[in-house]
Amino acid sequence: MNFLKTLATDLLKVVIIVDAKNAMDKHLNMYKSIINYGFVRMWG
Numbered sequence: 010m011n012f013l014k015t016l017a018t019d020l021l022k023v024v025i026i027v028d029a030k031n032a033m034d035k036h037l038n039m040y041k042s043i044i045n046y047g048f049v050r051m052w053g
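Residue numbers (the numbering used here): 10 to 53.
Printed below as a string of structure tokens:
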């Protein structure tokens, strides 16, 4: 039983980490788009 419990918590940690990374990537892409747009507006 204990083994299954640790396995479940490890899986949960991995899911949370992957989810957080995906969220970060989305935010970074959004910021990059905004920054690129800003540069185009300033220098374009």
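Using N, Cα and C, we set each Cβ at its ideal position, and we do this for glycine too.
Measure the C-alpha to C-alpha separation of residue i and residue j and round it to an integer number of angstroms.
| i | j | result |
| --- | --- | --- |
| Leu-20 | Asn-11 | 14 Å |
| Val-27 | Trp-52 | 37 Å |
| Ala-29 | Thr-18 | 16 Å |
| Val-23 | Lys-35 | 18 Å |
| Arg-50 | Ile-25 | 37 Å |
| Met-39 | Met-33 | 10 Å |
Which same chain residues, not among the five before or five after residue i, have their C-beta less than 7 Å away from its C-beta?
| i | result |
| --- | --- |
| Ile-43 | none |
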